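First up is the structure itself, then whatever we jot down about it.
Residue numbers (full-length UniProt numbering): 1 to 342.
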């Protein structure tokens, strides 16, 4: 497959003679897939685990092709290659060893170490989640220092909006949003935006260099990280199925009521708070004495505990009971053991 691909690039397959352009990212991808499949019963590279990918990446022919790719990008004058090549190399080293190429310690553990520890039961899911996040925080902190050492200062000289640098910096700096009323983290929105920024950046690449850069970052590329993402989605779905507040009132309904009330108060030039307005509104007639207005009032004044759905609270604190649910959600149990008891 690789030989056929290379022949096409040089024109030999169609009789055009030889051209100089080579898509090294595509070549590396094909070579990785072929070697990974050969060593792992036909499984492609993208479906491999950390150990199997590391084994393939350590092969001489792949290392040589990677070096050739990087050299070609640098010689071609690619600004992206010049500015990101060293960063990519260092982050790969940190992910694999916890240290930079000069031996400076960055993380206490590697992803493989915590994945293996969880798999053999040396740590629980909650500990894995916290260490996994700490690894990300440590790498982010290291990167800020790296940029300063390299003379990169996007605060005083910000990249052009929508540019490759802009999209990548936004990807790095994105933080999950915490709902001020429910105090729950919007992980779905966080990862959706991360994927959006990543896809937008990749669309600006020339020869696969941006794809390679993100591949080096290693987000969700281990089997355990993928399992966690699936467990988190299952947990969010379970939470979505249980109304956040009493009387079947949902987060979305309360958010809309509060936002609509804020918009109305602004439109009439009122200085009232939403809580004061909803409290006043409730007593303006029976048609306003609804469960939604009552719940929204308590949330607006910061007393959501008064109207929180106890069923949802019980779930978060360990209210999913029964072997049937445990058997149906093994990854959910692994990463969120507190959801289950009994």
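For glycine and all other residues, C-beta sits at the position ideal for the given N, C-alpha and C.
Since this is a predicted model, take the numbers as computed values, not measurements.
Proximity of the region 293 to 302 to the region 261 to 281 meets the contact definition, three or more beta-carbon pairs being nearer than 8 Å. If you look at residue 141, you'll find it in the alpha helix (DSSP H) that goes 125 to 149. Counting along the chain, the unbroken alpha helix (DSSP H) around residue 168 starts and ends at 164 to 173. With contacts defined as CB atoms closer than 9 Å, residue 28 and residue 65 qualify as a contacting pair.
Residue 270 and residue 262 have their C-alpha atoms spaced approximately 10 Å apart. DSSP assignment within the region 204 to 276 yields the following whole alpha helix (DSSP H) runs of 4 residues or more, N-terminal first: 209 to 217, 223 to 240, 251 to 267. The shortest CA-to-CA distance from residue 85 to any of 147, 258, 119 is the one to 147.
By the CB criterion at 9 Å, residue 244 and residue 234 fall outside the cutoff. Contact between the region 26 to 40 and the region 51 to 58 is present: 3 or more CB-CB pairs across the two stretches fall below 8 Å.
When DSSP states are grouped into helix, strand and coil, residue 160 belongs to the coil group.
Looking only at 228, 223, 286, 209, the smallest Cα-Cα distance to residue 88 is reached by 209. Looking at the DSSP output, residue 308 bridges to 245.
Excluding its 5 nearest sequence neighbours in each direction, residue 307 has C-beta neighbours in its own chain below 6 Å: 245, 246, 295, 298, listed in chain order. Distance from the CA of residue 255 to the CA of residue 104, rounded to the nearest whole angstrom, comes to 47 Å.
Among the bridge pairs identified by DSSP, residue 290 is matched with none. For residue 189, the uninterrupted alpha helix (DSSP H) run begins and ends at 187 to 202, by DSSP. Shown here, residue 178 sits in a strand according to DSSP, grouped into three states. Beta bridge pairing from DSSP links residue 112 with no other residue. Closest option to residue 114, judged by alpha-carbon separation, among 199, 228, 333: 228. Residues of the same chain with a CB within less than 7 Å of the CB of residue 249, apart from the 5 flanking positions on each side, are 243, 291, 292, 295 in chain order.
For residue 105, DSSP records a beta bridge to 99. Pairing residue 92 with residue 61 gives a Cβ-Cβ distance that is not under 9 Å. Counting every other CB atom within 10 Å of its CB across the protein chains shown gives residue 132 a total of 16 or more, marking it as buried. The C-alpha of residue 36 is placed about 5 Å away from the C-alpha of residue 45. Distance between residue 126 and residue 336, taken at the CA atoms: about 7 Å.
The C-beta distance from residue 171 to residue 141 rounds to 16 Å, too long to fall under 8 Å, and the pair is not in contact.
Within 10 angstroms of the beta-carbon of residue 192 lie fewer than 16 other beta-carbons, which makes it exposed. Rounded to the nearest angstrom, the gap between the Cα atoms of residue 150 and residue 196 is 28 Å.
With 16 or more other CB atoms across the displayed protein chains lying within 10 angstroms of its CB, residue 107 is buried. For residue 335, the enclosing alpha helix (DSSP H) covers residues 330 to 335. Secondary structure at residue 42: coil, using DSSP grouped into helix, strand and coil. The alpha-carbon separation between residue 163 and residue 33 amounts to approximately 31 Å.
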